[in-house]
Amino acid sequence: VRLRSAILVGVSLVVAAVMVAMVWSLSTLVRSEARQQLVDELERNRQVFEELQAYRQSLFRQEIRVVAEEPRLKAVAATEEITHETVLGVARELRRAIASELFLITDGEGRLLADVAEAEASGGDLSGLPLVAQALARGEAEGVWTEARAAYQVQAKRLAFGTTPVGVLVIGHRLDDRVAQTVRRQTGSTVVVLLEGEVLASSSLEGGRRLEAQQAAQVAALRPRAGEQVEIELLGERYLASGAPFPGHAGERDLRYVVLRSLAHAEALRHDLVEAVYVVAALGLFLALVLAVILSRRMARPVDRLVAFAGRVGAGELEARARPDGVVELDALAAAMNRMVTELERSRSDLAQKERLENELEIARRLQLSILPRDLDAPGLKIAAAMRPAGEVGGDYYDLLPAPGGCWIGVGDVAGHGLSAGVVMLMVQSIVSALARERGDARPSEVVTRLNEVLHDNIRHRLENDEHVTFSLLRFEEGGRVSFAGAHEDIVVWRAKDRRCELIATPGTWLGAVASIERHTPDSELSLSVGDVMVLYTDGVTEALSAGGELFGMERLCQAVSGAANDEPPVETIRDRVLAAVEAFSPEQRDDVTLLVIRYEAVERRA
Amino acid sequence: VIIAELAEEKLTAAAMADEGTVRARIEGTASQRDVVPLDTFLGAVHAACGGGVVAQVVLDLRSLEYVSSSHLKVMVSWIAKMRALPSRVGVKLLANEKYHWQKRGLPALAHLAEDLVTIDPG
Numbered sequence: 223v224r225l226r227s228a229i230l231v232g233v234s235l236v237v238a239a240v241m242v243a244m245v246w247s248l249s250t251l252v253r254s255e256a257r258q259q260l261v262d263e264l265e266r267n268r269q270v271f272e273e274l275q276a277y278r279q280s281l282f283r284q285e286i287r288v289v290a291e292e293p294r295l296k297a298v299a300a301t302e303e304i305t306h307e308t309v310l311g312v313a314r315e316l317r318r319a320i321a322s323e324l325f326l327i328t329d330g331e332g333r334l335l336a337d338v339a340e341a342e343a344s345g346g347d348l349s350g351l352p353l354v355a356q357a358l359a360r361g362e363a364e365g366v367w368t369e370a371r372a373a374y375q376v377q378a379k380r381l382a383f384g385t386t387p388v389g390v391l392v393i394g395h396r397l398d399d400r401v402a403q404t405v406r407r408q409t410g411s412t413v414v415v416l417l418e419g420e421v422l423a424s425s426s427l428e429g430g431r432r433l434e435a436q437q438a439a440q441v442a443a444l445r446p447r448a449g450e451q452v453e454i455e456l457l458g459e460r461y462l463a464s465g466a467p468f469p470g471h472a473g474e475r476d477l478r479y480v481v482l483r484s485l486a487h488a489e490a491l492r493h494d495l496v497e498a499v500y501v502v503a504a505l506g507l508f509l510a511l512v513l514a515v516i517l518s519r520r521m522a523r524p525v526d527r528l529v530a531f532a533g534r535v536g537a538g539e540l541e542a543r544a545r546p547d548g549v550v551e552l553d554a555l556a557a558a559m560n561r562m563v564t565e566l567e568r569s570r571s572d573l574a575q576k577e578r579l580e581n582e583l584e585i586a587r588r589l590q591l592s593i594l595p596r597d598l599d600a601p602g603l604k605i606a607a608a609m610r611p612a613g614e615v616g617g618d619y620y621d622l623l624p625a626p627g628g629c630w631i632g633v634g635d636v637a638g639h640g641l642s643a644g645v646v647m648l649m650v651q652s653i654v655s656a657l658a659r660e661r662g663d664a665r666p667s668e669v670v671t672r673l674n675e676v677l678h679d680n681i682r683h684r685l686e687n688d689e690h691v692t693f694s695l696l697r698f699e700e701g702g703r704v705s706f707a708g709a710h711e712d713i714v715v716w717r718a719k720d721r722r723c724e725l726i727a728t729p730g731t732w733l734g735a736v737a738s739i740e741r742h743t744p745d746s747e748l749s750l751s752v753g754d755v756m757v758l759y760t761d762g763v764t765e766a767l768s769a770g771g772e773l774f775g776m777e778r779l780c781q782a783v784s785g786a787a788n789d790e791p792p793v794e795t796i797r798d799r800v801l802a803a804v805e806a807f808s809p810e811q812r813d814d815v816t817l818l819v820i821r822y823e824a825v826e827r828r829a
Numbered sequence: 094v095i096i097a098e099l100a101e102e103k104l105t106a107a108a109m110a111d112e113g114t115v116r117a118r119i120e121g122t123a124s125q126r127d128v129v130p131l132d133t134f135l136g137a138v139h140a141a142c143g144g145g146v147v148a149q150v151v152l153d154l155r156s157l158e159y160v161s162s163s164h165l166k167v168m169v170s171w172i173a174k175m176r177a178l179p180s181r182v183g184v185k186l187l188a189n190e191k192y193h194w195q196k197r198g199l200p201a202l203a204h205l206a207e208d209l210v211t212i213d214p215g
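Quick mapping for you: the protein sequence lines, in order, are chains A and B.
Sequence positions in the first sequence follow this note's numbering and run 223 to 829.
Sequence positions in the second sequence follow this note's numbering and run 94 to 215.
1) Write down the C-beta distance between A/Leu623 and A/Arg659 rounded to the nearest angstrom, noting that I regard them as a contact closer than 8 Å.
2) What does the Cβ neighbour count give for A/Ser425, buried or exposed, with the cut at 16 atoms within 10 Å?
3) Rounded to whole angstroms, what is the Cα-Cα separation between A/Ala707 and A/Pro595?
4) How do the segment 377-395 of chain A and the segment 292-299 of chain A stand: do at least 3 beta-carbon pairs fall below 8 Å, yes or no?
5) Judging by CA-CA distance, which residue of A/Ala423, A/Arg561, A/Ala363, A/Leu482 is the nearest neighbour of A/Glu450?
6) Does the CB of A/Ile631 have a neighbour CB from chain B at under 9 Å?
7) Near A/Val535, which residues of its chain fall below 7 Å by C-beta distance, leaving aside the five closest residues on each side in sequence?
8) Whose Cβ in chain A lies nearer than 8 Å to the Cβ of B/Val169?
9) Any C-beta of chain C within less than 8 Å: which residues of the segment 710-723 of chain A qualify?
10) Taking 9 Å as the threshold (C-beta atoms), are A/Thr743 and A/Val670 in contact?
11) Quick check: is any heavy atom of the ligand NAP less than 8 Å from the C-beta of A/Val669?
12) Might you give, ordered along the chain, the residues of its own chain that have their beta carbon closer than 7 Å to the beta carbon of B/Lys196, omitting 5 neighbours on each side?
13) Sort A/Phe807, A/Glu747, A/Gly350, A/Ala802 by Cα distance to A/Leu773 and report the nearest one.
14) Quick one, which of A/Thr692, A/Arg797, A/Ser642 has its alpha-carbon nearest A/Arg684's?
15) Could you tell me whether the Cβ atoms of B/Leu186 and B/Leu205 are closer together than 9 Å?
16) My assumption, with CB atoms under 8 Å, is that B/Glu120 sits in contact with B/Leu178. Please give the rounded CB distance.
17) I'd like to know whether the C-beta of A/Arg828 is nearer than 9 Å to at least one C-beta of chain B.
18) If you count every other CB in all the chains shown that lies within 10 Å of the CB of B/Met168, and 16 or more means buried, which is it?
19) Would a C-beta distance cut-off of 9 Å place A/Ala544 and A/Arg527 closer than the cut-off?
20) Between the alpha carbons of A/Arg828 and A/Ser705, how many angstroms are there, rounded?
21) Quick one, which residues of the segment 114-142 of chain B are near chain A if we go by CB-CB under 8 Å, in chain order?
22) Given this structure, state the Cα-to-Cα distance separating A/Leu251 from A/Asp494, to the nearest angstrom.
23) Sort A/Val499, A/Asp745, A/Lys719 by Cα distance to A/Val752 and report the nearest one.
24) Using a 10 Å radius around the Cβ and a threshold of 16 neighbouring Cβ atoms, would you call A/Arg492 buried or exposed?
25) Would you kindly work out how many angstroms separate the C-alpha atoms of A/Leu370 and A/Ile393, rounded to a whole number?
26) So, helix, strand or coil for A/Ser746, using DSSP?
27) Going by DSSP, name the residue or residues bridged to A/Ile327.
28) Would you say B/Glu207 faces chain A, with C-beta separation under 9 Å as the test?
29) Which partner residues of A/Ala378 appear in the DSSP bridge assignment?
30) Output the boundary residues of the alpha helix (DSSP H) element that contains A/Phe774.
31) Which of helix, strand or coil does DSSP assign to A/Gly628?
32) Do B/Val151 and B/Ala229 count as a contact pair if the criterion is CB distance below 9 Å?
33) Restricting to Cα atoms, I'd like to know which of B/Leu165, B/Asp111, B/Val210, B/Leu209 is closest to A/Asp688.
34) At the level of alpha carbons, what is the spacing between A/Gly538 and B/Asp127?
35) Since A/Glu675 contacts A/Ala735 with CB under 8 Å, what's their CB separation in whole angstroms?
36) Can you tell me where the alpha helix (DSSP H) with A/Ala600 in it begins and where it stops?
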């Protein structure tokens with residue numbers, strides 16, 4: 223998965239989830255709040271309905287008090303000798319004035335004198351009606367009367383001359399749609415008045431639609447308890463309804479009212495708000511996506527560059543470097559990668575240099591070994607030699623060159639290690655070989671002095687180096703005489719006669735360091751008897767270190783030679799025994815080890 | 094003039110200047126790792142002699158048990174540099190012939206600059 227896609231999808235999912243959660247939370251909150259507001263409003267409307275009914279009754283009370291003081295009404299109620307038509311006429315005239323649906327007059331005992339609604343009715347005893355009885359007893363009474371399909375808000379007032387009751391006036395106003403519609407206008411709620419489940423009065427629904435029989439039946443079926451709200455769907459719209467017994471009704475019949483508020487209208491604001499939130503959320507999501515795209519590109523671009531950079535490095539382009547892009551973490555990563563590449567480049571360079579150096583050393587080692595003499599035959603001598611180069615070329619040298627009546631033997635060591643030491647050693651071999659062949663009768667000191675002059679010029683002036691060489695050149699003559707010159711290691715001579723080692727110093731100085739050594743290069747001599755063993759070596763033998771840091775030294779060398787030569791074995795055996803002793807003493811070889819074992823034997827002369 | 098001391102694992106060296114003489118002492122056993130430190134130390138001694146004030150360097154090698162040909166090469170180079178100083182500075186080597194390398198090597202070293210180097214066999 224590409225980083226860019228991952229960032230884009232990740233950010234988009236997070237933003238979308240946040241948006242959905244926000245919209246859902248907001249919608250739920252608004253809906254809950256809207257419903258609660260509707261519940262509160264419905265309850266307030268129900269209270270308003272009841273207060274309006276109480277107010278209507280209070281108006282009707284004032285009305286009946288005024289009418290009851292009408293002298294003609296009192297007169298017709300108090301006069302016994304008066305016709306029914308007269309009483310009815312007065313009643314009709316007054317009913318018109320107050321526009322009531324009920325208008326009844328009784329005498330002082332509660333017998334009906336006139337009923338505007340039923341002109342023929344007269345003489346009936348109404349004193350048993352609670353309202354009439356209360357009016358006769360207390361002066362005034364009010365309540366709700368119901369008929370088969372009607373209900374009235376009724377006021378009753380006692381008619382009296384002075385303190386003498388002469389009758390009761392009952393007036394009533396019908397509960398009809400006008401009452402419901404008035405409340406509808408005042409509160410905004412739909413109002414339905416029900417009698418035994420039958421709709422007596424109703425206002426229009428919100429939006430102006432009228433309640434049809436089906437909806438009326440639905441409302442009639444509702445029986446919410448006081449303070450309870452129930453939901454109902456009317457004409458495809460959800461309503462919240464609350465109701466209670468009609469105020470002031472004390473009869474046995476079920477007279478109730480229900481107020482309804484449209485949930486859809488109440489939630490219209492919520493819908494608008496949620497829609498607005500949806501729009502804002504969609505816009506936010508869109509902006510978030512745009513931002514995510516920009517961010518993902520901005521973040522992915524430097525990462526892509528680093529990936530490309532890593533690819534270039536992987537392909538071997540080690541000179542490549544990552545550029546900072548301004549993002550702190552990625553810049554740190556780029557810097558770290560640059561350091562790694564630099565280290566890698568350096569390591570590769572070091573490795574290449576090391577390989578080159580190892581190749582050079584290998585060449586030098588081959589040179590060193592390849593120029594060693596293959597043939598160690600010399601008249602009167604048995605010679606065994608060995609050179610064991612150390613890991614690093616050390617510049618050891620030995621040679622055997624023929625000479626009239628004997629031979630030249632050279633042994634030396636170039637100070638220092640490495641290819642340059644090997645090159646100097648090669649020079650020594652070449653120069654000695656040339657000089658010895660050219661002047662076979664020369665004294666060793668002459669050859670050594672000449673060798674020094676050439677080496678000094680080559681090393682100090684041409685190579686501009688600081689190597690020097692320890693070197694001894696020996697001239698063996700068949701009679702056993704050995705002359706030598708040049709400062710190197712002491713010569714060890716094992717005398718066969720007394721079976722002991724003798725150390726013979728090699729006075730002089732080193733070669734290559736100064737231009738002339740003639741004054742310090744004497745010729746020295748030693749004499750060999752038949753059976754004597756002469757041992758030449760380099761410092762790799764005497765300076766071999768034990769594990770404890772102890773030098774092999776001259777004493778151990780002499781012991782090793784004496785031990786090896788005592789039974790007069792072949793020179794190869796002596797060589798191997800001495801080398802074994804050195805190796806046993808110093809398991810880790812640090813320097814080139816060169817050893818020549820030379821036994822003097824009588825020269826066989828042809829007759 | 095400050096000459097830094099040398100304190101390797103088995104090789105130590107120290108020097109001090111005193112009234113026209115630099116007294117230096119090298120002790121111990123030199124390993125191949127000590128070639129560069131020895132070169133640095135002797136280089137500092139050489140630098141201390143450059144002002145024309147020092148007339149002699151006394152190099153005490155009596156406790157220097159062993160050096161390899163690489164260390165001798167450093168000494169040869171050092172002698173060559175001492176010889177190249179504008180004013181002559183003598184080098185006196187305090188030797189101990191008990192050690193084979195000194196018995197064999199110091200005379201050869203002295204021969205390289207016999208007008209400059211003397212050996213006190215102790």
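Glycine included, C-beta positions come from ideal geometry on N, C-alpha and C.
Looking at the coordinates:
1) The residue given as residue 623 of chain A occupies position 401 in the first sequence. The residue given as residue 659 of chain A occupies position 437 in the first sequence. Contact between A/Leu623 and A/Arg659 holds: their C-beta atoms lie close to 7 Å from each other, under 8 Å.
2) Stepping through the first sequence from its first residue, residue 425 of chain A is reached at position 203. Under this definition A/Ser425 is a buried residue.
3) The residue labelled residue 707 of chain A in the question sits at position 485 within the first sequence. The residue labelled residue 595 of chain A in the question sits at position 373 within the first sequence. Computed Cα separation, rounded: 21 Å.
4) Contact between the segment 377-395 of chain A and the segment 292-299 of chain A is present: 3 or more CB-CB pairs across the two stretches fall below 8 Å.
5) Locating residue 450 of chain A in the first sequence gives position 228, counting from the first residue. Closest by alpha carbon: A/Leu482.
6) Residue mapping note: residue 631 of chain A aligns to position 409 of the first sequence, counting from 1. Residue contact with chain B for A/Ile631: absent (no Cβ-Cβ distance below 9 Å to any residue of chain B).
7) Your numbering for residue 535 of chain A matches position 313 in the first sequence. A distance below 7 Å between beta-carbons, with the five flanking residues on each side excluded, links A/Val535 to the following residues of its chain, in chain order: Ala542, Val563.
8) One-based indexing of the second sequence puts residue 169 of chain B at position 76. Within 8 Å Cβ-Cβ: Ala637, Asp688, His690, Trp732, Ala735.
9) The structure shown contains no chain C; its protein chains are A and B.
10) Numbered from its first residue, the first sequence carries residue 670 of chain A at position 448. Numbered from its first residue, the first sequence carries residue 743 of chain A at position 521. It is a contact, given that the beta carbons lie within the stated cut-off.
11) This structure does not include the ligand NAP; it has no bound ligands of any sort.
12) Numbered from its first residue, the second sequence carries residue 196 of chain B at position 103. Counting only Cβ-Cβ distances below 7 Å, and skipping sequence neighbours, we find Glu190.
13) Your numbering for residue 773 of chain A matches position 551 in the first sequence. Per the C-alpha coordinates, the member of A/Phe807, A/Glu747, A/Gly350, A/Ala802 positioned closest to A/Leu773 is A/Phe807.
14) In the first sequence, residue 684 of chain A corresponds to position 462, counting from 1. That would be A/Ser642, whose Cα lies nearest to the Cα of A/Arg684.
15) For this step, residue 186 of chain B is matched to residue 93 along the second sequence. For this step, residue 205 of chain B is matched to residue 112 along the second sequence. Their beta carbons are not under 9 Å apart, which means B/Leu186 does not touch B/Leu205 by this criterion.
16) Counting from one through the second sequence, the residue named residue 120 of chain B turns up at place 27. Counting from one through the second sequence, the residue named residue 178 of chain B turns up at place 85. Actually they are not in contact, since the Cβ atoms of B/Glu120 and B/Leu178 sit about 26 Å apart, beyond 8 Å.
17) For the purposes of this step, residue 828 of chain A is taken as the residue at position 606 of the first sequence. Residue confidence is low: A/Arg828 scores 48 on pLDDT, short of 50, so the model does not pin down where it sits. Its coordinate-derived value is still stated next. It does not: the Cβ of A/Arg828 has no partner Cβ on chain B nearer than 9 Å.
18) Numbered from its first residue, the second sequence carries residue 168 of chain B at position 75. Label assigned to B/Met168: buried.
19) Here the question's residue 544 of chain A lines up with position 322 in the first sequence. Here the question's residue 527 of chain A lines up with position 305 in the first sequence. Contact: yes.
20) Position 606 of the first sequence, counted from the start, is the residue given in the question as residue 828 of chain A. Position 483 of the first sequence, counted from the start, is the residue given in the question as residue 705 of chain A. Confidence at A/Arg828 is low in this model, with a pLDDT of 48, below 50, so the placement of that residue should be treated as unreliable; the coordinate-derived value is given next. Each residue's Cα considered, the two are about 26 Å apart.
21) Per Cβ criterion, the list reads Thr122, Gln125.
22) If you number the first sequence from 1, residue 251 of chain A lands on position 29. If you number the first sequence from 1, residue 494 of chain A lands on position 272. If you take the alpha carbons of A/Leu251 and A/Asp494, they lie about 14 Å apart.
23) What you label residue 752 of chain A is simply residue 530 of the first sequence in a count that begins at 1. Looking at the Cα atoms, A/Lys719 is the closest of the given residues.
24) Position 270 of the first sequence, counted from the first residue, corresponds to residue 492 of chain A. Classification for A/Arg492: buried.
25) Within the first sequence, residue 370 of chain A is the residue found at index 148, counting from 1. Within the first sequence, residue 393 of chain A is the residue found at index 171, counting from 1. According to the sequence displayed, residue 370 of chain A carries Ala and not Leu. So the two alpha carbons sit approximately 18 Å from each other.
26) In the first sequence, residue 746 of chain A corresponds to position 524, counting from 1. In the displayed model, A/Ser746 falls within a strand according to three-state DSSP.
27) For the purposes of this step, residue 327 of chain A is taken as residue 105 along the first sequence, with counting starting at 1. A/Ile327 is bridged to A/Ala336, A/Leu391.
28) Start at 1 with the first residue of the second sequence, and residue 207 of chain B comes out as number 114. Chain A contact via Cβ: present.
29) Taking the first sequence and counting its residues from 1, one reaches residue 378 of chain A at position 156. The partner list for A/Ala378 (beta bridge, DSSP) reads A/Ala363, A/Val392.
30) Position 552 of the first sequence holds residue 774 of chain A. Counting along the chain, A/Phe774 sits inside no alpha helix (DSSP H), nor does DSSP assign it H or E at all.
31) The sequence position of residue 628 of chain A within the first sequence is 406, counting from 1. Correct three-state label for A/Gly628: strand.
32) Outside the modelled stretch of chain B, which goes from 94 to 215, sits residue 229 of chain B, for which no answer is possible.
33) Numbered from 1 along the first sequence, position 466 holds the residue referred to as residue 688 of chain A. When each option's Cα is compared against that of A/Asp688, the closest is B/Leu165.
34) Translated into the one-based positions of the first sequence, residue 538 of chain A becomes position 316. Translated into the one-based positions of the second sequence, residue 127 of chain B becomes position 34. The C-alpha of B/Asp127 is placed about 38 Å away from the C-alpha of A/Gly538.
35) Here residue 675 of chain A refers to the residue found at position 453 when the first sequence is read from its first residue. Here residue 735 of chain A refers to the residue found at position 513 when the first sequence is read from its first residue. Not confirmed; about 12 Å, so no contact.
36) On the first sequence, residue 600 of chain A is found 378 positions in, with the first residue counted as 1. It is not in any alpha helix (DSSP H) - A/Ala600 carries neither H nor E in the DSSP assignment.
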